[in-house]
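A short write-up of the structure that comes next.
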Amino acid sequence: MNGQAPHSAASASREAGFVLGLVIHVALLVVILGMVLFLASRWRARVDLTADRVYTLTDSTKKVLDRIEQRLLVEAYFSADEELTAATREGRRTLRNVLDEYAQQSRGRIAVQYFDPGSDTAVRKRAERLGIQAQRVQDLQGTTLSTKDIWQGLRFRYGGQKQKVQAFLGFDDRPALYEALLTPILKAVTVTERPRIGVMQWACEPPSTSDRFPRPEAPKGFSRLLSIEDLGDRYEFVNVDLQKGQLVPDELRTLILLRPRNLDDRQKYALDQFLMGGGRLAIFADTDDVSLGQARVLDVRRVGYDALGSTLRFVDQLAHYGAVLHEKALVDATTGALRFSFAMNVAGQTAIGGVPYPYWFPPQDIDWSARAADVARIRGVTDQAVVETYRRVFRPGIDHEAARGFATPVFFWPCAVDLAEPLPAGVGGNVLMRSSPFSILERLPQSVSPIGDGSDPTAANQAFNARIAEVMAHEPPQQHGLLVALDGAFKSYFDGRPIPPRPDVKQPVQAKDPLEEPIGEPKEGGDAPTPLGPPIEQGVNEAGPAGKDADPALRTSAGTGAQLLIVADSDFVRDDLIAGEYGQVGPVSQLGPSFFLSLLDWLAQDRDLFGLTGKKFTDRRQKVLEEGELTRIAPERLQEEVERRQGSLRWRNAVIPPLLFVAFGVASFLWRRSRKKQFLHGVGG
């Protein structure tokens, strides 16, 4: 009995020590977990496991966020999530995630506050004062179709001084789209100085009144483009006038020419010296003015680059720099051509018809060398050597990483621009966009309508297509540039040429020395008298008088940063086409302003925003309904069928993974038990 007491005491002591150790371990574990949670709440790490990195902000956005110096408050005037329709909930969730990502990446410099105008009258009135309005959307629930007012506007306030209001953001489940909308706004409200860009623009010459154009038409210019709010927030546009012979101001580093025409030699000299000074020159060229009138009537007028009396050709000047600007229109007969719509009579009813129009087309992101065999088959070529030649000379329609980041527009009656072969010494160039191999160059006929006068559109369109097919059959397949960029050590076009004088400055008349005047009439056949005295000093500048108005010394080679960009179209940013003045039948240049803005970002070297448009999105989500099923299901059953299939999908996702986990566990248990039995049998157990 007495011998068992010490043993019991020792056992109790060990149990007490075990319990104490367990308590200490648990306490330490709780403390460590608390510290981990504390640190994790302040330093967050996110991992984007999607294949396209769709939830990762681009480097462009991160640069903008890094430059935010003051607090930026984002006020989100959103309807409650439960008030959204089924079609808008995913877009709202995506937008919330994007805003949260901005706040996290800014390290506390961006704060997002949410307000519900639908539940608070004061918030609603404040939103309306800011210009934020609800949008009415349709909501289909079962067999009931109703409408709802949805709020989704944003107000950006930076440092208590600058603000920007986005009245409404559409619903989309692509994070990259919201990023492309939000990052330029952030930069607009946080930058202190906008880049200045010079602009020279020439309006279209309207057609004269006639039976085809009974009413006078206003010239189609580019004022709508330059007044777009997104452009004005990011750039300051300055009108440049060279009519009086002045040079481009030195403080401008970027200059845009919108449909240049009637350039005199003095203006060409000013552009040359701007480029030689390291400027960035962008030219949106056209060879024809085409007006679209009532009844879809088209009127064509030639665009003359050179003024009457000019001795130097503008296209020769560009060729000197390395760019070949063709003075013909480009026709591209691919399947990507835009349709020419028109009103037609069908069984006594007015309907909208349309035919492919090869004068309206976008550059296509297709590697045509990989489709050389298809091109040869379409053209009826069977010689394999010719196919190999096609494969060697064909190039992608979008042939530069930078251009793939642009919003791809539709070009309207474009011309063509290519690189000179060879390029001038010290000059580099790239064709960023080009046509397909099914393209030809031609001088536009007086009528380029695919439906003629509209009296018999079918027959007229057949004749229209037959004419183009006949021309194309006699031409080898060829591609032409739509967008070229050159840079490097350009040489002045006026090196070795006389400097054109200013139009408002008369050439100084050299006074004659009286001693040089002969006394009396010289005898016929006799020698002229020899001048007496020293020769008279000639003027120091033939282009103008000496002094402050004299031209600076000729720049013979380009300075650092000189760049030349030529787009073979300007119609895609014309007032009537970007404003959609032609209504339902079109055409309308939907992506023209976005493409123009991307070019500005690239040309002005604003790399902060350039990477936003290059992010691609591939929809890899599982589709509840296939496209073909949408037409087979009655509209009143559509929502019910979607919910049924979504429920079935959620049930499978909830049940199948646990069952697989259990099956794996059972299989592992049976395998280990089998191995154990083999081991025991081997040792004789």
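Residues in the sequence shown are numbered from 14 upward in steps of one, following the numbering used here.
Glycine included, C-beta positions come from ideal geometry on N, C-alpha and C.
All figures in this text were calculated on a predicted structure; none of them were measured in a lab.
Taking the CA atoms as reference points, F51 sits about 15 Å from L41. Here the alpha carbons of T203 and Q174 stand approximately 10 Å from one another. When DSSP states are grouped into helix, strand and coil, V303 belongs to the strand group. Sequence-distant partners of R137 (beyond 5 residues in either direction) whose C-beta falls short of 8 Å from its own C-beta, in its chain, are P130 and G131. Counting C-beta pairs closer than 8 Å gives fewer than three between the stretch 402–409 and the stretch 418–436, which falls short of the contact rule. Here I210 has Y248, E249, F250, V251, L265, T267, L268, I269, L613 and A617 as same chain residues with Cβ atoms under 8 Å from its own Cβ, once five neighbours each way along the sequence are excluded. Annotation: the continuous alpha helix (DSSP H) that includes F608 extends over G605 to L616. With respect to L454, L343 sits close: the two C-beta atoms are nearer than 8 Å.
Considering only R314, R568 and E656, the residue with the shortest C-alpha distance to A283 is R568. When DSSP states are grouped into helix, strand and coil, V111 belongs to the helix group. Three or more Cβ pairs closer than 8 Å define a contact, and the stretch 385–401 falls short of that threshold against the stretch 356–364. With a cut-off of 8 Å on Cβ pairs, the stretch 86–96 is in contact with the stretch 159–171, counting three or more such pairs.
Taking A308 as the centre and dropping the five residues before and after it, the same chain places the C-beta of G467 closer than 7 Å to its C-beta, in chain order. When beta bridges are read from the DSSP output, M213 appears opposite L270.
In terms of Cα proximity to A581, the closest of E242, V328 and D152 is V328.
Looking from the CA of A180, the closest CA among T324, P188, E192 and G166 belongs to G166. Taking 8 Å as the cut-off, the Cβ atoms of P490 and F477 do not count as close. Rounded to the nearest angstrom, the gap between the Cα atoms of A502 and G441 is 9 Å. When the beta-carbon positions are compared, R122 and I81 come within less than 8 Å of each other.
Put simply, the backbone Cα of D79 is about 7 Å away from that of S119.
In the DSSP annotation of this structure, the continuous segment of the alpha helix (DSSP H) that includes L284 starts and ends at D278 to M289.
In this structure, the straight-line span from the alpha carbon of D186 to that of R417 is close to 22 Å. R170 sits in a strand when the DSSP states are folded into three classes. Going by DSSP, H333 is part of the alpha helix (DSSP H) stretching over F327 to Y334.
Under the rule that a run must span 3 or more residues, the beta strand (DSSP E) segments found entirely inside the stretch 465–524 read 494–501. Pairing D299 with D584 gives a Cβ-Cβ distance under 8 Å. Beta-bridge partners assigned by DSSP to M446: I411 and L496.
Taking a contact to require three or more Cβ pairs closer than 8 Å, the stretch 336–354 and the stretch 503–518 do not qualify as touching. For G234, there is no enclosing beta strand (DSSP E), as DSSP marks it with neither H nor E. Between G410 and D378, the CB-CB gap stays under 8 Å. Only exposed fits N358, as fewer than 16 other CB atoms lie within 10 angstroms of its CB.
Note that the C-beta distance between D508 and A575 is not below 8 Å. Inter-segment contact for the stretch 313–328 and the stretch 592–606 is absent: fewer than three beta-carbon pairs are separated by less than 8 Å. In this structure, D254 and S323 do not form a Cβ contact; the two beta carbons are roughly 18 Å apart against a cut-off of 8 Å. Here F674 carries a helix assignment [DSSP, helix/strand/coil]. One Cα belongs to I145, the other to W164, and the distance between them is close to 8 Å.
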